[in-house]
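Colleague:
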Amino acid sequence: MAKLSLFERRRRRVRTALKARAGGRPRLSVHRSGRHIYAQIIDDAAGRTLASASTLTKGSKGPGATTEDAAKVGAALAEAAKKAGVTAVVFDRGGFLFHGRVKALADAAREGGLEF
12 MAKLSLFERR RRRVRTALKA RAGGRPRLSV HRSGRHIYAQ IIDDAAGRTL
62 ASASTLTKGS KGPGATTEDA AKVGAALAEA AKKAGVTAVV FDRGGFLFHG
112 RVKALADAAR EGGLEF
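In this note's numbering, the protein residues as written are 12 to 127.
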């Protein structure tokens with residue numbers, strides 16, 4: 012079996028820890044590409060996406076998503092989560108480091124009312 016990349020190892024380690032701590036709460040999953048950032052709140056028990064937001068829906072400008080764009084996505088996701096009746100989540104950063112755009116999205120979601 013081929014060795015896992017550092018990203019994949021981090022992703023698996025984060026997911027394993029989340030499953031132990033989730034306690035039935037939905038998961039706020041973040042994906043970051045070079046150009047966009049995507050976030051969704053997933054109910055793993057039901058296998059449903061409860062709310063989602065991305066720079067595609069917010070209409071970011073320029074060739075790459077910035078930390079300001081990520082903050083807008085976090086605020087939009089918090090608003091969508093309120094409409095769906097979600098207040099507490101567990102944050103799944105995947106294999107991405109909690110820095111820059113990922114941190115900006117998380118901070119904006121917390122300010123918008125999500126608890127994690």
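C-beta: ideal position from N, C-alpha, C; glycine also.
Quick caveat: nothing in here was measured; it's all calculated off a predicted structure.
Just list the beta strand (DSSP E) runs in the segment 62-114, keeping only unbroken ones of 3 residues or longer that don't cross its boundaries, in chain order.
Modeller: Correct list: 101-103.
Colleague: Using only alpha-carbon positions, find the residue among Arg-24, Ala-13, Thr-77, Gly-34 that is nearest to Ala-56.
Modeller: Checking every option, the nearest Cα to that of Ala-56 belongs to Gly-34.
Colleague: Considering only residues of the same chain and omitting the five flanking positions on each side of Ala-50, which have a CB-CB separation below 8 Å?
Modeller: Result list for Ala-50: Leu-39, Ser-40, Val-41, His-42, Ser-63, Ala-64, Ser-65, Val-84, Gly-85, Leu-88, Leu-116, Ala-120, in chain order.
Colleague: In angstroms with no decimal places, state the Cα-to-Cα distance between Phe-109 and Ile-48.
Modeller: Distance between the alpha carbons of Phe-109 and Ile-48: 14 Å.
Colleague: Applying the criterion that 16 or more other CB atoms from any shown protein chain within 10 Å of the CB defines a buried residue, is Ala-92 buried or exposed?
Modeller: Looking at its Cβ environment, which holds 16 or more other Cβ atoms inside 10 Å, Ala-92 is buried.
Colleague: So the alpha helix (DSSP H) Leu-29 belongs to, where does it begin and stop?
Modeller: Segment 17-32, the alpha helix (DSSP H) holding Leu-29.
Colleague: Thinking just about the alpha-carbon of each residue, which of Ala-95, Asp-118, Leu-15, Ala-82 is nearest to the one in Phe-102?
Modeller: Checking every option, the nearest Cα to that of Phe-102 belongs to Asp-118.
Colleague: Note down, in chain order, each residue of its chain lying with its Cβ closer than 7 Å to the Cβ of Gly-111, except the 5 sequence neighbours on either side.
Modeller: Contacts found: Thr-78.
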